[in-house]
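At position 121 of the sequence shown (counting the first as 1) the number is 1091 in our numbering, and the numbers step up by one without a gap.
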Amino acid sequence: MNRIEQDMLISLNPATGEEVGRLPITPVDQIPAVVATARAAQPAWGQLSLQQRADQMRPFGDALVAAAEEVGTLLTREMGKPLAEGIGEAKHCGSSLGETLDELIEALTPEPMDDDSVSSTLVFDPLGVCAGITPWNFPLSMPHWTVIPALMAGNSVVLKPSEKTPLVAQAYADLLMPMLPEGVLQVIHGDGTQGKALVKADVDLIAFTGSRATGAHILESAGGGLKRVILELGGKDPLIVLDDANLEAAAKFAAMNSFRNAGQVCVSTERIYVQEPVAEKFQQLLCEAATTMQVGDGCVEGTEVGPMIDGGQKQHVEQQVEKAVSDGAEVVYRGEDIGGNFFPLTVLADCQESMDVIREETFGPVACVLKVGDDAEAIERANNTPYGLGAAVFGSSERAHDIARQLTAGMVGINKGCGGASGTPWVGAKQSGYGYHSGRDGHRQFAQLRVISEMRKK
Ligand code: NAD
């Protein structure tokens, strides 16, 4: 856990416990003034054309790519993921910026819509001040996918990154801020206390990515002022493995998607429903795939899985696994325990729907296997959760498509992970999302839609 010392946030490397750096915490009583600065800066920014706003931000892409090694290394030291993934996250945000800005211009450009008698135009105006509140597990991508669309829609932004990864978020903002007029993007630091104060302040839109519990709290708090909210929340993604699936591919995917980022991914595979006839073979292949994955300090060459973000997260995972085992689950694979904040890769068999490890988000490197009978049972059990972020189905295409149409998740991958083609939204169903990001309709949620119309001339 990062430490707080005399109003400073001390960022600790989760792999080593060493201090990575420190930043001043924003006093809560200063947050209204920060928001007032954002409000004062917004009108001039909002009056620029989409093209002008994009032109100002475009050089940021190259700047981030040029700094990717440095920023990505900081990300790994602060958050723990392997260096290639830390640098990759920075590079990807930078190299895709041009395409993202073009997509945003297209999404937010006024759109004509006529019928026989009325001519109308849909226009997408700024909402005002956007509060961006983000988590630690993708500590660059999450601020990026919040800040860029909010700015392009003509809003000013106050970003409150996770207290667990403040340095890398600040490094991101330090590269972008010089390209923007003063006050258009500001960063405040702190934990839920600062987050709550920002939600309560005079903001028009709260774009939040984080846990379901915090999302529910924000929705309640924003309700009094009927503030706009976009909530991208947690998941409990199922993977269904059918008896006609390519088992090697399914097991490889299951290992990668359960253990990547030490399982600290909103669309991690957290429940694996395997049809009885192939369950033993699949489980054996999954365990074999797990043995090949190297756990260690993300800064060390060859590491594929880093530590948990902190001791609290490790304890949360440990408790779920211990309880599941005491309730009858069998540990069929457990990797080497190297101590510290590292959690050994774990495969659990004979899990039950009633276990916390199946009901609650785990967010750790644990693959849980449950045997199922026919397709209908697999669908029913996969849907038996309040979450609905991603899902995956491995099996013959027609059968898998049929199942995918019946799953109550926002994104379903067939013989792959859940993310769609570029330009598709990132969307959660049920309690995994309230509003969504990306794609034409996701981008438009950062703007106020207005309809302007007149009678058509005959
Ligand atoms: P979290 O909800 O604990 O914290 C997220 C952010 O909210 C942090 O900046 C935190 O300081 C702030 N916060 C905490 N309490 C607050 C409050 N009452 N009011 C306002 N802000 C508050 O989540 P986390 O542990 O940082 O991140 C992990 C969670 O994020 C997981 O549930 C994961 O699934 C989810 N997530 C979802 C997506 C998605 O796209 N749906 C992506 C990444 C992570």
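Even for Gly, the Cβ is constructed at its ideal location relative to N, Cα and C.
Where E1240 falls, given that 16 or more other Cβ within 10 Å makes a residue buried: buried
According to the Cβ coordinates, are V1199 and L1359 closer than 8 Å? no
Minimum Cβ-Cβ distance from P1314 to chain C less than 8 Å: Checking the listed chains, one finds no chain C in this structure; it contains a single protein chain.
DSSP state of K1197, grouped into three classes? coil
P1013 versus G1412, C1388, G1153, residue with shortest Cα-Cα distance: G1153
Distance cut-off 7 Å: E1331 Cβ against heavy atoms of ligand 1: yes
Looking at ligand 1, does it come within less than 7 Å of E1288, judged from the CB to the closest heavy atom? no
Starting from the Cα of M1147, find the closest Cα among E1347, S1126, T996, G1165 and give me that residue. S1126
Excluding the 5 residues preceding and the 5 following S1089 in the sequence, name in chain order all residues of the same chain whose CB lies nearer than 8 Å to its CB. P1082, S1423, E1424, M1425, R1426
Quick check: is any heavy atom of ligand 1 less than 7 Å from the C-beta of D1411? no
Does V1433 pass the burial test, meaning 16 or more other C-beta atoms within 10 Å, or should it be called exposed? The structure shown has nothing for residue 1433, since the chain only spans 971 to 1428.
Just mark E1202 as buried or exposed, buried being the case when its beta carbon has 16 or more other beta carbons within 10 Å. buried
Under the three-state reduction of DSSP, which class applies to W1106: helix, strand or coil? coil
What is the rounded straight-line gap between the Cα of E1323 and the Cα of A1003? 49 Å
CA-to-CA distance, L1145 to F1108, given in whole angstroms: 18 Å
Would G1380 and G1398 qualify as a contact pair, given that the criterion is a beta-carbon distance under 8 Å? yes
Give the straight-line distance between the Cα atoms of F1416 and P1136, rounded to the nearest whole angstrom. 24 Å
Give me the residue from P1119, E1055, G1389, E1274 with the minimum Cα distance to E1069. P1119
Per DSSP, which one or two residues make a beta bridge with A1294? None; A1294 has no bridge partner.
Is any non-hydrogen atom of ligand 1 found closer than 7 Å to the C-beta of C1236, if you look at the structure I gave you? yes
Rounded to a whole number of angstroms, what is the C-alpha to C-alpha distance between L1255 and G1334? 20 Å
Across the stretch 1189-1199 and the stretch 1210-1220, are there enough close Cβ pairs to call them in contact, namely three or more that are closer than 8 Å? no
So the alpha helix (DSSP H) C1338 belongs to, where does it begin and stop? Segment 1336-1342 is the beta strand (DSSP E) holding C1338; no alpha helix (DSSP H) there.
Tell me, please, which residues DSSP counts as bridged to P1096. A1417
Spell out a yes or no on whether the stretch 993-1000 and the stretch 1094-1111 are touching, meaning 3 or more CB-CB pairs, one atom from each, closer than 8 Å. no
Does the contact criterion of 3 or more C-beta pairs under 8 Å hold for the stretch 1309-1325 versus the stretch 1255-1268? yes
So the candidates are V1287, A1143, V1327; which of them puts its Cα closest to the Cα of G1298? V1327
L1034 and A1060 look like a contact to me (Cβ under 8 Å); what is the Cβ gap, rounded to whole Å? 6 Å
Residues near K1170 by beta carbon distance below 8 Å, same chain, minus five either side: S1191
Just curious, the beta strand (DSSP E) that P994 is in, first and last residue? 989-994
Can you give the beta carbon distance from F1252 to A1362, rounded, assuming they're within the 8 Å contact cut? About 14 Å; that fails the 8 Å criterion.
Y1243 vs P1208 beta-carbon contact at 8 Å: yes
Looking only at its chain, what residues have a beta carbon closer than 7 Å to the beta carbon of F1030, apart from the 5 residues adjacent to it on each side? L1067, L1145, L1146, M1149
CB of V1336 within 8 Å of CB of V1287, strictly: yes
Answer yes or no: do A985 and G1268 have a C-beta to C-beta separation smaller than 8 Å? yes
Using a Cβ-Cβ cutoff of less than 6 Å, which residues in the same chain neighbour E1300 once the five nearest sequence positions on both sides are dropped? A1319, D1320
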